[in-house]
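If you read the protein sequences in the order shown, they are chains A and B.
Read left to right, the first sequence gives residues 41 to 734 (our numbering).
Read left to right, the second sequence gives residues 1083 to 1416 (our numbering).
Right, one structure below, let's go through it.
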Amino acid sequence: MKLRIPLLLLLSLGSVRAQQPAVVLPEGWSGERIDIREVRIDGVRPLKEIGIRRTQIDTLVLRENIALSMADVLTFSSPLFVKSHGRATLSTVSFRGTSPSHTQVTWNGMRINSPMLGMTDFSLIPAYFIDRATLLHGTSSVTDTGGGLGGAIRLRTATNDRRGFGVQYVQGIGSFRTFDEFARFTYGDERWQVSTRAVLSSSPNDYPYVNRDRKENIYDDEHRIVGQYYPRERNRSGAYRDLHVLQEVGYRTRGGDRLSLSAWWLDSDRELAALTTEYSDPTDFENRQRERTLRGVLAWEHTRERWKVAARAGYVHSRLRYDYSADKGNGTLEPMIRSRSRTETFYGEVEGEYAPSRAWLLTGSVALHQHRVHSADRTILTQSGEAARVEYDERRAELSAALTARWRPTDRLGLSLVLREELFGTERSPLIPAFFADYVLSKRGQLTAKASLSRNYRFPTLNDLYFKPGGNPDLRSESGFSYEGGLSFRCGCDERWTLSGSAAWFDQHIDDWILWLPTTKGFFSPRNVREVHAYGVEVQASFDRRLGRAWRLGLDGCFSWTRSVNEGDPMSPADRSVGRQLPYVPECSATLAGRLSYGSWSLLYKWCHYSHRNTMSNESRSLTGYLPPYYMNNLTLEKGVSLRWADLSLKGSVENLFDEEYLSVLSHPMPGIHFEIFLGIKPKWGKGSKANGE
Amino acid sequence: MKWEYGEPETLHLDAPGLFILNEGNFQYGNATLSFYDPEARTVENELFYRSNAMKLGDVAQSMTLHGGLGWIVVNRSRVIFAVDPATLRERGRITGFTSPRYIHFISDDKAYVTQLWDNRILIVDPQRFAVTGQIECPGMTMESGSTEQMVQQGPYVYVNCWSYQNRLLKIDTRTDRVVAELTVGIQPTSLVLDRNGKLWTATDGGYPGSPYGYEAPGLYRIDPERFAIELEFRFRTGDALTELQLDGEGCTLYWIDEHIWRMDVDAEQLPAQPWLRSRETKYYGLSVDPRSGEVYVADAIDYQQEGIVYRYSPDGELLDSFYVGITPAAFCWK
């Protein structure tokens, strides 16, 4: 059959050859075709990536083990700062010294940031559910969405392009009575692709740690303290059970249309672990958060020689229940806080691409997110003695439209302009422009210089505006101006080795930074307070080397140096925060992952480092507010066995290899060394199990 | 990197002075204790940690001296520490609370502890460091429960009920029961007893959209015997009165309402001008030196750095200022 390659695809993706991964793990014991790394070495640069700074997370990293969340993946595979409140606990991600709500996250095109909080909890996104994860740093986020003052993370799922039935099951058993289970059922033929995935994770999560923040007393008979010690205790009230189910259906018509449906069900039941400074008996309290969320996206895509149109429709329904209850001594828990929220989002987007020639690519998109939020914080008794909820109920339509022109006048030069406009409720952003350019300095090694600049806005979230108590309807949008420049290169020698890397300098200013601050009435309220100047360097490098017939070595590393400085006016005459690094922004972070494989054996070593984080806005290093730097080391050894009837894999992982005591957030204990083993099985279903085209 | 253990430091705070309790940030467990020596004009910070090599906890709320010990209520850690006021070394701790706010001593072996998110005031035995009983508070559930500051006159303890409340309670310490209630304005924040034996409370008026209501805050003078409002001053809607305090003689009221205000307890009219204007300051705590009448005002700045305390003479002259811990909120005179 003659392969017909649309021009549009060439322009978007470089070339068919380029799109193929340079290194493909042979289908065998793992039973899954995995892109190790996309390294394009043929010299064709996609128009869509002109001037863009993006990080593509390796599929192999996403598939490392079923217990990992996207927070775990990003911690060891990106220059982003992951702020974790504990194992299987709220984990947020921020780019380049910005806040978590400055990171926009899309799943199959639909924005999944909480419309109430603005941020995304990455501990609730199983890595095994994500097939492609792309980080768009800084200005590059404007190509996808508005509001990403720090950047955007594009998450996508995809059905395997496979024929016949497929089944995969993985069981993980780990420390602290942790059980992780993953199952996937697939079916595919020439037209249809169906996939069902499920992950169930549970654990009492009672990892031991030495509590340095409090002491136990030793008393004599007269109740006098005669000694004290730091107790070795267990993480209290940290149990979790998370169930995720992902259903996908894909259909490809003869006419070049692709239809797909993705539906992701999340049922999470998590306790919120006690702080290290907690003195109560944990059995006297319940501090629990439950979430049930359904996300679904229906997508249609039609591709022709020179143009492509796509439409997506989506829906999110999310119910969040937070219960904080106490036992008054009679054995029954009485609620102190019963917070309930319900969020609904309707999503629609159309986008089109047109390539009038090989030098031009024009795209346009319009996306609508219609939110409805009902948030009830607590039940009180009114002055007349009736029960009443402290709540708000708001709707907001968020419209974002963008036009992009990409032009490559010569082989070496690429220019791109994005114009974006956003409408949130009745508030309209000024025009958001973003300009990108790249230039090939040397075709040998694909040495390319990149530069970009953009303006950006982020509207207040619904909680910022309406939360009871404290919402501030007078908030202004945060606005930012950012620019960056850098170099990238790629080189390789056939399939023996590949090396790629990039370095970028970024600089941005964010005005009217929104911060929730205490009030004299006992609650927090958001205010526009800061002007922040964030700047720094990001460096990334990857290396792959085939060491003979069966050996292979892969190394990935990244480093970032970030200054995120408050340049606003002093909040009072005594304010010492001006000119200082923002709290919880490490100046330096680094990751390194090395993978050595021999035949069906694979050894993975991961390392990450965060420098110290200030917990105060004036960079004060107090005794009680200092978060020292830490280094984290993980090790995984995997062995695959290919039998006639099934592929088996046995994997053992060690996290926090050197049992380091560390904190990501003050007073939230983190686990020491812990282990998990995974047993995977993938029955073979005859010839039909092979991937198309293989 | 291995975590560093703290080494207990031997402190000698022998001079009289002012303890400053810094709330810290909610859920960060970074509350601290400071001490200021007015004579020497020196301040020492993070004293609890330095003396005990452990943290004070999450959201320090109040401190009281009784029986030769300092009693520090740490709200979100649900603990009350008893410390030696000279060395700050721990002498004992009371646990078993829901969300403790203030401790008031009835005798050497009996104290009341008010709570948020609880409809009970707990009775504790300070000598045994144990909870020994409770007082059920009417008209509130656990979820809407709130009892705050306490003052005592004779056998009766008076309590203001703050969060989504509008009442004062009168408790008979002989029976440990609520014997009367008095409705005032929405959310009375604080309670003091003046030299005339009158109670004063100030309300913050709630907030816009509150299902409990939103109104102009008020300042109330109450006759404790009749348990009735004698005098009521109303403020503008949007004002928020907090930190009602008295000088050492009980004759001058101070409070925070953006600025610092003061008024004679016998005055029949509110002052027209603030005693001390805000200078873009976030006044969060207030205290009057019972010996000198000097006024100490805490500015939380941005609530994310060490706050500052300003010391003023009774005439409003700035005498000194010193940085303490995050969100300085409560004071205790030694």
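Note that CB positions come from ideal geometry on N, CA and C, so glycine has one too.
Quick caveat: nothing in here was measured; it's all calculated off a predicted structure.
Beta-carbon neighbours of residue i, restricted to chain B and to distances below 9 Å
| i | result |
| --- | --- |
| S617 (chain A) | I1383, D1384, Q1386, Q1387 |
| M156 (chain A) | The premise fails here: M156 (chain A) is roughly 16 Å from chain B at the closest Cβ pair, so nothing lies under 9 Å. |
| H177 (chain A) | Within 9 Å Cβ-Cβ: nothing; H177 (chain A) doesn't reach chain B, min ~27 Å. |
| Q548 (chain A) | Near Q548 (chain A) there are no residues of chain B at all, since even the closest Cβ is about 21 Å away, more than 9 Å. |
| N673 (chain A) | Within chain B, no residue comes near N673 (chain A); the closest Cβ sits about 12 Å away, beyond 9 Å. |
Any C-beta of chain B under 8 Å from that of residue i
| i | result |
| --- | --- |
| N327 (chain A) | no |
| K255 (chain A) | yes |
| H714 (chain A) | no |
| Y624 (chain A) | no |
| G588 (chain A) | no |
| E318 (chain A) | yes |
| P470 (chain A) | no |
| V289 (chain A) | no |
| N245 (chain A) | no |
| L306 (chain A) | no |
| L667 (chain A) | no |
| A428 (chain A) | yes |
| L683 (chain A) | no |
Cutoff 8 Å: residue i Cβ touching any chain A Cβ
| i | result |
| --- | --- |
| T1409 (chain B) | yes |
| R1132 (chain B) | yes |
| R1160 (chain B) | yes |
| R1173 (chain B) | yes |
| E1030 (chain B) | Residue coverage of chain B in this structure runs from 1083 to 1416, which leaves residue 1030 (chain B) outside it and unanswerable. |
| I1154 (chain B) | no |
Alpha-carbon to alpha-carbon, residue j and residue i
| i | j | result |
| --- | --- | --- |
| G1267 (chain B) | L1323 (chain B) | 11 Å |
| M110 (chain A) | N245 (chain A) | 19 Å |
| R77 (chain A) | K724 (chain A) | With a pLDDT of 45 at R77 (chain A), under the threshold of 50, the modelled position of that residue is not reliable, and the figure given next carries that caveat. Straight-line Cα distance between these residues: approximately 26 Å. |
| H342 (chain A) | F715 (chain A) | 47 Å |
| N674 (chain A) | S612 (chain A) | 45 Å |
| D1096 (chain B) | T1124 (chain B) | 13 Å |
| K1335 (chain B) | S707 (chain A) | Note on residue identity: the sequence assigns Leu, not Lys, to residue 1335 (chain B). Using only the alpha carbons, I get a separation of about 39 Å. |
| A428 (chain A) | R344 (chain A) | 58 Å |
| K1252 (chain B) | V1213 (chain B) | 21 Å |
| V1233 (chain B) | D1276 (chain B) | 10 Å |
| I717 (chain A) | E1340 (chain B) | 59 Å |
| E67 (chain A) | A223 (chain A) | The predicted position of E67 (chain A) is uncertain, since its pLDDT is 36 and thus under 50; no value can be drawn from it. |
| R592 (chain A) | A1382 (chain B) | 57 Å |
| S131 (chain A) | F1163 (chain B) | 33 Å |
| S617 (chain A) | D112 (chain A) | 32 Å |
| T1169 (chain B) | R1160 (chain B) | 23 Å |
Contacts of residue i in chain B (Cβ-Cβ under 8 Å)
| i | result |
| --- | --- |
| L593 (chain A) | Residues of chain B passing the Cβ test: none, with the nearest at roughly 29 Å. |
| L632 (chain A) | Per Cβ cutoff of 8 Å: no residues; L632 (chain A) is ~17 Å from chain B at best. |
Closer than 9 Å at the beta carbon, the chain A residues around residue i
| i | result |
| --- | --- |
| A1322 (chain B) | T559, T560, K561 |
| M1145 (chain B) | Near M1145 (chain B) there are no residues of chain A at all, since even the closest Cβ is about 17 Å away, more than 9 Å. |
Assumed close pair residue i, residue j - CB separation to whole angstroms, cut-off 8 Å
| i | j | result |
| --- | --- | --- |
| P566 (chain A) | L515 (chain A) | 6 Å |
| A366 (chain A) | L360 (chain A) | Wrong, their Cβ atoms sit about 21 Å apart, outside the cutoff. |
| D184 (chain A) | T146 (chain A) | 6 Å |
| V1406 (chain B) | Y1394 (chain B) | Incorrect: roughly 16 Å between the Cβ atoms, too far for contact. |
| G1367 (chain B) | E1325 (chain B) | 6 Å |
| I1217 (chain B) | V1261 (chain B) | With a Cβ gap of about 11 Å, I1217 (chain B) and V1261 (chain B) do not count as contacting. |
| R352 (chain A) | E389 (chain A) | 5 Å |
| A198 (chain A) | L108 (chain A) | About 19 Å; that fails the 8 Å criterion. |
Amino acids of chain A, ordered along the chain, whose beta-carbon sits closer than 7 Å to that of residue i
| i | result |
| --- | --- |
| I1390 (chain B) | A614 |
Interface partners of residue i on chain B, CB under 7 Å
| i | result |
| --- | --- |
| S662 (chain A) | E1128 |
| G418 (chain A) | Reading the sequence as shown, one finds Arg at residue 418 (chain A) and not Gly. Under the 7 Å cutoff, chain B gives E1225. |
Listed by chain order, chain D residues near residue i by CB distance under 8 Å
| i | result |
| --- | --- |
| I265 (chain A) | The displayed structure is made up of protein chains A and B, and chain D is not among them. |
If contact means a Cβ-Cβ distance below 7 Å, which residues of the stretch 1271-1298 of chain B contact chain A? Contact residues of the stretch 1271-1298 of chain B toward chain A are D1286, Y1289, G1291, S1292, P1293, Y1294, G1295 (C-beta to C-beta distance below 7 Å).
Check distances from the C-beta atoms of the stretch 1244-1266 of chain B to those of chain A and list, in chain order, the residues that come in under 7 Å. S1245, Y1246, N1248
Please name the residues in the stretch 487-510 of chain A whose beta-carbon is closer than 7 Å to at least one beta-carbon of chain B, in chain order. K508, P509
Contacting positions in the stretch 352-375 of chain A - beta carbon closer than 9 Å to chain B: Y364, S365, A366, K368, G369, E374, P375
Quick one, which residues of the stretch 127-146 of chain A are near chain B if we go by CB-CB under 9 Å, in chain order? For the stretch 127-146 of chain A, no residue has a beta-carbon sitting nearer than 9 Å to a beta-carbon of chain B.
When you check each C-beta in the stretch 691-721 of chain A against every C-beta of chain B, which residues fall closer than 9 Å? The stretch 691-721 of chain A vs chain B, Cβ under 9 Å: E700, E701, Y702, L703, V705, L706, S707, H708.
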